[in-house]
Amino acid sequence: MIDDWVGHLHRRWDSPVARLPATFKLGVGLVIIFGTVLAPPWAVGWFVSAALLLLITVALSRIPPLFLLKRLAWLSPLILGVALVNALQPAARGSWMLVAAKSTICLLTIIVVSNTTPFSRILRVLKAAHVPGLLITTLALMHRYLFVLVEEAERMRRARASRTFTHRRGARWQTLSTVVSQLFVRASERAERIYDAMCARGWK
Amino acid sequence: MHIPDGFIDAKTAAATALLSAAGVGLALRQARRTLPPRRVPLLGLAAAFLFATQMVNFPVAGGTSGHLVGGVLVAALLGPSAAIVVLTAVLIVQCFLFADGGVLALGANVFNMAIIGAAGGYAIYRLVCHWLPGTRGQVAAVAFAGWCSTLLASICCAGELAWSGTVAWPAAFTAMASVHMVIGIGEGLISALVFLAIRRMRPDLTGEINAPAPTRQWGELVCYGLLAALGITIFVAPFACPWPDGLESVAARLGFEHQAGHRVVRAPAPGYQVAGVRWAAGATAVAGAAGTLVVFGLALLLARSLVRETEEDNHPTRP
Amino acid sequence: MNAAIQVANLTYRYHDGTEALRGVSFGVAPGECVGLLGPNGSGKSTLLLHLNGLLPEKLGWNGAVHILGQALTPDNIDTVRKQVGLVFQDPDDQLFCPSVEEDVAFGPRQLGLSEAEVKVRVQKALAEAGLAGFSHRATHHLSHGEKRRACLAGVLACEPTVLVLDEPTSDLDPRGRREFKALLRQISATKLIATHDLELVVELCSRAIVLDRGAVVAEGPVAELLDNEELMLAHGLERPHILRHRHPHGQEGGE
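Line by line, the protein sequences are chains A, B and C. Quick note on the numbering used here: the first sequence kicks off at 1 and runs consecutively. Quick note on the numbering used here: the second sequence kicks off at 1001 and runs consecutively. Quick note on the numbering used here: the third sequence kicks off at 2001 and runs consecutively.
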């Protein structure tokens, strides 16, 4: 699961879509999402054209279809949940099909944009949109050290597991809590070293 | 609890976005003012830490597993403003990179998990610490606040879904609240275990170094509290209020009713077929209230069992 | 001529009171390459952090450190950081930008150079570090050796007069070590290298300083110091094999 979720961070499929400027892709993506959310139930034309545009983009962007389907499948339990809950409440406004359609289109948009745009470009767009510097730095550092920490957590967990000879849940929880706390302490210490490294090269 | 796009409508997205923008803006300003420069990279690393931690599976029963969301944990370690920034960063990355939570729904997710969850949870944590001193008090506070914040965030989420008309309030409330009352136990328990482990390893990380002076902090908390209260008033109160007819007349007088096809406040669905669901919602509310007392007791017991008597003397008690 | 680095009676205590450095004194002449040796926990990294003003945190210096003839004080800390380039022990701590280009450009940008100048410096530094063409690579994707070279490039881009390196060849495979050593040989700046790699010290350094438990226990020409088996063993080190045999892939022992 880790590989699937985090590995894709660094997978970049080169394609005509990937070469488009980030601002353009983000802009179009936002327009599609806004429009879809605002669209009333009878605006079938909008839904169909948005879906078509997305499918064409997906084809051009060379994102593997299996990868896409796996991500879309994530939505299904939520939609089922809403459907179930709505089934018991006949007065509920808006059918779940509409919710499903809107969500799928928006999800597809995000997946396409995020898989054809490096995160650092997205950050640059946010910076240009006057998002405060502290948040940008936090996002940048988070993105850079995400995989590092995930790997560290995995290594620690494996090392602990190799010395765990009991399957009692209580012991597992203690082990995992220790791993998580160690991860925080190491992250803290690494943050201090990063601060030193930034200062060493002139950051103020 | 990440709401995807399409589940909430435009007005809900806009309202939550405004509330969140205010809260995050305030948090950023506070963090810039009170955080020593040395700790700036810690925000990014804490965000990466939260993300990595959310993927750790804590086995529950029969193949299911719990996960730590970590809002209250981060707030207890870094203070409410830093926690809001950290959680916002996590939610943004989850939204943009993993499509976990919608783009327009980002405002709602940030409001639920960062402002209500982290800052609200922190307020509860500080209150409990105020009454119960020492390490035991802190551990109990983290556990209890973890549970409360999960439940409160889920109730707000239900309110937002109902306001959008995606799911009717009684059903949304029952489903979200009952599920999260259980999930919250995991959150509280894991947060407490991790907090205590960090306390033992590096007590300086759990001390007041990361938090600003007490007086300033209460001011900050009051602001977040106001934002939270505003959100709850908008999204939850209309539904939870026992006099919906009264609210309806107010709405009519203020002209809300005139929006074409849009009713800001939903009237309770008439008829007998929904009585069952409304009863369930009422029962859930009662269970929640009783649950709060039970969980508080459990949190105290947990702290008792985890923290040895000797540890109390070694660590300084909170002011 | 002023010494490039002059440390006089430097003392430092950790937060819990343990002494990390006890009256450390030594000098490094301009253009020299000096090796800093010592067992783990001897205080090498702590000492190096003092040369860049990163320690002590409270900035209460007693004039113990002089860089290029100037005492290190809170006022001239920025100047000193431009003159002294510190390469950290863990490359992941230093490579905090997403791409190689951005990371190497970090230093020049902090110096306030124009974008055009920054570009020139970046290309030059990458070429010096043997990473020409690596500009657009993601830092996370680099191999350990490439990360170390990227760190070096990032520091070289600031054009420091003095280069201080903390365990630059640890975790490198033999080829990585040879390549890094070849790189260091090309760099003409004054060098102070803290390391466990005794072969590196023999091949590149003219003098060595041995640190143990926060104090300087020995100092002198490399051939003499490292050949002293008794001294080496007494301080958690050993006499390097290269002094006994000719190395098939490198130069003969000593400069």
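We put the beta carbon where it would ideally sit given N, CA and C, even for glycine. Here the structure is a predicted model, which is why all the values come from computation and not from measurement.
When the Cα atoms are used, MET97 (chain A) and VAL1093 (chain B) turn out to be separated by approximately 28 Å.
Note that the C-beta distance between ALA1108 (chain B) and ALA1013 (chain B) is below 8 Å. In chain order, ALA1076, LEU1077, GLN1138, PHE1195, ILE1198, ARG1199 place their CB closer than 8 Å to the CB of THR1206 (chain B), counting only its own chain and leaving out the 5 sequence neighbours on each side. For SER49 (chain A), the enclosing alpha helix (DSSP H) begins and ends at 44-61. Residues of chain A with a Cβ closer than 7 Å to the Cβ of THR1053 (chain B) are, in chain order, VAL180, LEU183. Per DSSP, the unbroken beta strand (DSSP E) holding ALA2194 (chain C) starts and ends at 2190-2194.
Under the DSSP definition of a beta bridge, GLU2219 (chain C) partners with C:ILE2209. Classified as exposed, LYS204 (chain A) has fewer than 16 neighbouring CB atoms from the shown chains inside 10 Å of its CB. Taking a 10 Å sphere around the C-beta of GLU152 (chain A), we find 16 or more other C-beta atoms and assign the residue as buried. When DSSP states are grouped into helix, strand and coil, ALA2020 (chain C) belongs to the strand group.
Using beta-carbon distances, ARG19 (chain A) does not count as an interface residue toward chain B, since no partner is under 8 Å. One finds nothing in chain A with a Cβ atom closer than 8 Å to the Cβ of PRO1203 (chain B); even the nearest lies about 11 Å away. Residues of the segment 126-139 of chain A with a C-beta less than 8 Å from any C-beta of chain B: PRO132, LEU134, LEU135, THR137, THR138, LEU139, listed in chain order.
CYS2205 (chain C) is outside the set of residues whose beta carbon lies under 8 Å from a beta carbon in chain A. Between the beta-carbon of LEU183 (chain A) and that of PHE1049 (chain B) there is about 6 Å, and that keeps the pair under the 8 Å contact cut. By the neighbour-count criterion, in which a residue is buried when 16 or more other Cβ atoms sit within 10 angstroms of its Cβ, ARG158 (chain A) is exposed.
Sequence-distant partners of ARG2148 (chain C) (beyond 5 residues in either direction) whose C-beta falls short of 6 Å from its own C-beta, in its chain, are PRO2091. Contact of LEU1019 (chain B) with chain A is not assigned, every C-beta pair being separated by 8 Å or more.
Annotation for SER1020 (chain B): GLY1107, VAL1110, PHE1111 place their beta carbon closer than 6 Å to its own, counting only its chain and skipping 5 residues before and after. Between the segment 1067-1075 of chain B and the segment 1025-1037 of chain B, the count of Cβ pairs shorter than 8 Å is below three; the stretches do not touch.
Within its own chain, the residues whose Cβ lies closer than 7 Å to the Cβ of THR175 (chain A), once the five positions on either side in sequence are excluded, are ARG160, THR164, listed in chain order. Beta-bridge analysis with DSSP links ARG2239 (chain C) to no other residue. Taking C-beta atoms as the reference points, VAL37 (chain A) and LEU1018 (chain B) fail to come closer than 8 Å. Annotation: ALA2004 (chain C) is outside any alpha helix (DSSP H) and is labelled neither H nor E by DSSP. Scanning chain A for C-beta atoms nearer than 9 Å to the C-beta of ALA1046 (chain B) yields THR138, MET142, PHE184, ALA187, SER188, ALA191, reported in chain order. At a cut-off of 8 Å between C-beta atoms, ALA153 (chain A) does not count as an interface residue with respect to chain C. Contact annotation: VAL2084 (chain C) and LEU2036 (chain C) have beta-carbon atoms that are not nearer than 8 Å.
Residues of chain C with a Cβ closer than 7 Å to the Cβ of ALA39 (chain A) do not exist; the shortest Cβ-Cβ separation is about 36 Å. Taking a beta-carbon distance threshold of 8 Å, ASP2166 (chain C) does not count as an interface residue toward chain A. Under a criterion of Cβ atoms nearer than 7 Å, the residues of chain A adjacent to GLN2094 (chain C) are, in order, ALA197. By a beta-carbon distance limit of 8 Å, SER162 (chain A) does not contact VAL112 (chain A). Their separation comes to about 41 Å. Taking C-beta atoms as the reference points, ILE1155 (chain B) and PHE1173 (chain B) count as a pair closer than 8 Å.
Within the segment 40-61 of chain A, no residue has a Cβ lying closer than 7 Å to any Cβ of chain B. At a beta-carbon threshold of 7 Å, the residues of chain C lying near ALA200 (chain A) are ASN2052, LEU2054, ARG2081, LEU2086, ordered along the chain. By the 16-neighbour rule on beta-carbons within 10 angstroms, ALA1303 (chain B) is buried. TYR1125 (chain B) sits buried, since 16 or more C-beta atoms from the chains shown fall within 10 Å of its C-beta.
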